[in-house]
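Undergrad: Residue numbers (our numbering), protein chains in the order written: chain A, 469 to 733; chain B, 3 to 388. After the structure tokens below, expect a handful of questions from me.
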Amino acid sequence: MKVIVCIKQVPDTTNVRINPETNTLVREGVQSIINPFDVYAIEEAVRIREKHGGTVTVITMGPPQAAEALREAISLGADNVFLVSDRAFAGADTLATAYALSCAVRKLDGADIILMGRQAIDGDTGQVGPGVAENLGVSHVTDIRKIEEIKDGRIVVERLLEDGYARIAARLPVVLTVVKEINIPRLPSLKGKLAARKAEIPVLKAADIGADLQRLGLNGSPTQVMKIFTPPKPSGGKKFTGEPAHTVSALLSELTAAGITIRKQ
Amino acid sequence: MNYFLSDDQKMIKDLAAQIAREKIGPIAAELDESGEFPWDVVKTLAQSDLFRVFIPTEYDGLGGGMFEMCLVVEELSRVCGGIALSFAASALGTIPILLHGNEEQKKKYLPRLAAGEILAAFGLTESGAGSDAAGIKTTAKPDGDSYVINGTKQWITNGGEASIYTVVALTDPTRGVRGTSAILVEKGTPGFSFGKKENKMGIRASATRELVFQDCRVPKTNLLAKEGMGFLVAMKTLDKSRPGVAAQALGIAQGALDKAVGYAQERKQFGKPISAFQGLQFMMADMATQVEAARALTYAAARAIDGGERDVSMISAMAKVFASDTAMKVTTDAVQIFGGYGYMREYPVEKMMRDAKITQIYEGTNQIQREVIALGLIKEALRANR
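Shown next, in the form of structure tokens:
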């Protein structure tokens, strides 16, 4: 079983800020991490290898410093990693990113299963997974919470829905995006960390993956982010303090006065 | 404070800290209450290769020594001294094999201990033989190709959970201390059973049980070193393991200091955080100074051992005494800084105070450690005057 995991290096959003003047992320002093959803994808890939044999290859598209995310992937159990990096990729939206990643996957002779997180915590689009599948001409299932079975070129998965799940069978090769319910990722091992420290991170450039330059980076991106901003904090409001019996009835009469009616069940 | 750790040592420390934060922190209070053995954490430590750090590379270890072992114990203990003990006690049980095992014994056990597949334990103490370890009553009677062991070991950490035990017993009761031998006994050997789990004041997530031997027959190939060397094996083992207790105490103390400083900045009285009051500032300054001194002494002892220093009894004892007395004092002060909240189970520091107490008692009480130090001093003085 050959598994390729596509990951993204993202700023650790627990302490990210937006510069109000330029409307861009303040990246100085903010640690970069593997997109948390992608960590679940790596773990699932390692589990597939433990159960079915084969290899786990992790790729990421990003600037040279994204190599750090790949080193972490090695410490988490990846056999091979590739950094897809070229100035030509700069400014890519999800369409151009999905195209570049699919070229890289082809260059690596494809895979039986391509895994990624359901979305990146910085962009939150969730479009790259399905985009890669479309470019490769294979099927995809998003929001996987469980891989039930992989057998005879067929996979059965559970797809998380709002109020339940769908059991879906698909032919391999397939692109799957995973949710955090799928596993509990293991922590890195010392042997893995030692290997990661020593590892050479191979770089794939635009020419290496045979990509059409017109479909890469800004050229290949029909969408552009105009502005990122922090929505203004709601101000005003009224706080009711005191005993719950008192505050609840005060709130209800206030709401009624404002023309909001509460329907009795 | 920079201790100039190597890249590998930093990596070990960081990974142990991550495991402590992510895997131990969330369950520490629950296991303290239930007394359940932390097998999930042991599995995580194994998967992350932490049992390998102090085992030579030829037995699937990573080639470090007691210093690396101490780094792990310190970081785990910072979050829970009880859970950390499952690791530290296995190290204690591994040391006699490392020091005195023959090639066959090392090959048989060390790779599995390095992988964390099995845990080890060390059985010396008996009901009548604590500080006076020479007073043991358990016998291992030579009989053909085997020893037949009878007797009971008391308060054995990892008892019942570990798979391999180094047991000190009398192979020749007529010769006293010189008649003791250290023998490896595997869990599951007929005639070897466990007493009930002790209900302890602290380190409650750690398992403490009796080892009960009733005509337990083990092959003579399980003998460590030579017959009659049991007491020596035990003393050499404890000389090397004591910095591990020091590291546990140090971790507990550091954890309590962290909590106390954090709380002192949050808690407001008289309109300002209590950290603004000089009375508390002086307390915190003393706590921090003592913790740092304990760390310096603990690291010095571990490095002396790893550096091949011949006689480490004194420095090991000093590290153990100082770090454990520090842990007791600092955790008591941390409870004081937390005030009434500190006395409550909902807050973490009373557990640290309970966990700290044992470090002054086990692997040789601090009174015995002081005797070891004094004896070393007197010996040194005699040597100088000769």
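For glycine and all other residues, C-beta sits at the position ideal for the given N, C-alpha and C.
Of the choices A:Asp-680, A:Asp-554 and A:Ala-572, whose alpha-carbon is the least far from that of Ala-601 (chain A)?
TA: Of the listed residues, the one whose Cα sits closest to Ala-601 (chain A) is A:Ala-572.
Undergrad: Taking DSSP as the reference, what is the three-state secondary structure of Gly-710 (chain A)?
TA: Reduced to three states, the DSSP call for Gly-710 (chain A) is coil.
Undergrad: Find the residues of chain A that neighbour Leu-52 (chain B), judging by a C-beta separation of less than 8 Å, and give them in chain order.
TA: Ordered by position in chain A, the residues that pass the 8 Å Cβ test against Leu-52 (chain B) are Leu-658.
Undergrad: Please go through the same chain and pick out, in chain order, the residues whose beta-carbon is closer than 8 Å to the beta-carbon of Ala-674 (chain A), but skip the five residues on each side of it.
TA: So the list reads Asp-554, Ala-556, Phe-557, Ala-568, Leu-681 and Leu-684, once near-sequence residues are dropped.
Undergrad: With a CB to CB cut of under 8 Å and the five nearest residues on each side skipped, what residues in its chain are close to Ala-579 (chain A)?
TA: The residues are Lys-470, Val-471, Ile-472, Thr-525, Val-573 and Pro-641.
Undergrad: List the residues of chain A whose Cβ lies closer than 8 Å to the Cβ of Ala-115 (chain B), in chain order.
TA: Residue identity check: residue 115 (chain B) is Leu in the sequence provided, not Ala. Chain A residues near Leu-115 (chain B): none, gap ~15 Å exceeds 8 Å.
Undergrad: Is DSSP giving Val-216 (chain B) helix, strand or coil here?
TA: The question names Val, but residue 216 (chain B) is Gln in the sequence shown. Of the three classes helix, strand and coil, the one that applies to Gln-216 (chain B) here is strand, per DSSP.
Undergrad: Taking only beta carbons into account, state which residues of the region 21-39 of chain B come closer than 9 Å to chain A, listed in chain order.
TA: Those would be Ile-21, Glu-24 and Lys-25, in chain order.
Undergrad: Exposed or buried, which one is Gln-156 (chain B) when buried takes at least 16 other CB atoms within 10 Å?
TA: With 16 or more Cβ atoms within 10 Å of its Cβ, Gln-156 (chain B) is classed as buried.
Undergrad: Return the bridge partner residues of Gln-587 (chain A) from the DSSP annotation.
TA: Note: Gln-587 (chain A) sits in no beta bridge, so no partner.
Undergrad: Taking 8 Å as the threshold (beta carbon to beta carbon), is Leu-655 (chain A) in contact with chain B?
TA: Cβ-Cβ to chain B under 8 Å: yes for Leu-655 (chain A).
Undergrad: Check for me: the alpha helix (DSSP H) holding Ser-607 (chain A) runs from which residue to which?
TA: No alpha helix (DSSP H) contains Ser-607 (chain A), which is instead part of the beta strand (DSSP E) from 607-619.
Undergrad: Measuring alpha carbon to alpha carbon, tell me which residue in B:Ala-266, B:Pro-40 and B:Gln-216 is nearest Leu-87 (chain B).
TA: Ranking the options by Cα distance to Leu-87 (chain B), first place goes to B:Pro-40.
Undergrad: Excluding the 5 residues flanking Arg-114 (chain B) on each side, which residues of the same chain have their C-beta closer than 6 Å to its C-beta?
TA: Correct list, in chain order: Ile-120.
Undergrad: Take every Cβ of the region 262-276 of chain B, pair it with every Cβ of the region 132-152 of chain B, and state whether three or more of those distances are shorter than 8 Å.
TA: The region 262-276 of chain B is not in contact with the region 132-152 of chain B.
Undergrad: Exposed or buried, Asp-631 (chain A), counting other C-beta atoms within 10 Å across all chains shown (16 or more means buried)?
TA: Result: exposed.
Undergrad: Taking C-beta to C-beta, are Phe-53 (chain B) and Met-68 (chain B) nearer than 8 Å?
TA: Their beta carbons are not under 8 Å apart, which means Phe-53 (chain B) does not touch Met-68 (chain B) by this criterion.
Undergrad: Near Gly-197 (chain B), which residues of its chain fall below 7 Å by C-beta distance, leaving aside the five closest residues on each side in sequence?
TA: For Gly-197 (chain B), where only same-chain residues beyond five positions count, the Cβ hits under 7 Å are Arg-211, Glu-212 and Val-214.
Undergrad: Starting from the beta carbon of Lys-661 (chain A), find every residue of chain B whose beta carbon is closer than 8 Å, and list them in chain order.
TA: Here the neighbours are Met-13 and Leu-17.
Undergrad: Tell me the residue span of the beta strand (DSSP E) that contains Val-549 (chain A).
TA: From DSSP, the beta strand (DSSP E) with Val-549 (chain A) extends over 548-552.
Undergrad: Nearest chain A C-beta to Thr-59 (chain B) closer than 8 Å, yes or no?
TA: Chain A, which has no Cβ nearer than 8 Å to the Cβ of Thr-59 (chain B), makes this no.
Undergrad: Does the distance from the CB of Thr-634 (chain A) to the CB of Arg-622 (chain A) come in under 8 Å?
TA: At residue 634 (chain A) the sequence reads Ala, which differs from the Thr that was named. No, the pair does not count as a contact, with Cβ atoms beyond the cut-off.
Undergrad: What does a CB cutoff of less than 6 Å around Tyr-111 (chain B) pick up in its chain, not counting 5 residues either side in sequence?
TA: Ile-99 and Ile-166, listed in sequence order.
Undergrad: Can you give the beta carbon distance from Ala-534 (chain A) to Leu-551 (chain A), rounded, assuming they're within the 8 Å contact cut?
TA: Confirmed, about 6 Å.
Undergrad: Is there at least one Cβ from chain A nearer than 8 Å to Leu-64 (chain B)'s Cβ?
TA: So, interface residue.
Undergrad: Taking its Cβ as the centre, do 16 or more other Cβ atoms sit within 10 Å of Gly-118 (chain B), making it buried, or is it exposed?
TA: It is buried - the Cβ of Gly-118 (chain B) has at least 16 other Cβ atoms within 10 Å.
Undergrad: Using a Cβ cut-off of 8 Å, pull out every chain A residue sitting near Thr-46 (chain B), in sequence order please.
TA: Those are Arg-654 and Leu-655, listed as they occur along chain A.
Undergrad: Mind checking the region 267-295 of chain B against chain A and listing, in chain order, the residues whose C-beta falls within less than 8 Å of any C-beta there?
TA: Cβ contacts with chain A come from no residue of the region 267-295 of chain B.
Undergrad: Strictly under 8 Å for the Cβ-Cβ distance: is Gln-338 (chain B) near chain A by that measure?
TA: Judged by the 8 Å Cβ criterion, Gln-338 (chain B) is not in contact with chain A.
Undergrad: Classify Pro-532 (chain A) as buried or exposed, calling it buried when 16 or more other Cβ atoms lie within 10 Å of its own Cβ.
TA: Exposed.
Undergrad: Would you give the residue range spanned by the alpha helix (DSSP H) that Ile-419 (chain A) belongs to?
TA: Residue 419 (chain A) is absent from the structure shown; chain A starts at 469 and stops at 733.
Undergrad: Between Val-646 (chain A) and Gly-710 (chain A), is the Cβ-Cβ spacing less than 8 Å?
TA: No, the pair does not count as a contact, with Cβ atoms beyond the cut-off.
Undergrad: In the DSSP assignment, what residue or residues form a beta bridge with Leu-186 (chain B)?
TA: B:Thr-168, per the DSSP bridge assignment.
Undergrad: Is DSSP giving Leu-121 (chain B) helix, strand or coil here?
TA: Residue state, collapsed to three classes: coil.
Undergrad: Sort out for me which residues DSSP pairs Ala-255 (chain B) with in a bridge.
TA: DSSP lists no partner for Ala-255 (chain B).
Undergrad: Which value, in whole angstroms, describes the spacing of the CA atoms of Lys-322 (chain B) and Val-374 (chain B)?
TA: Roughly 11 Å between the two C-alpha positions.
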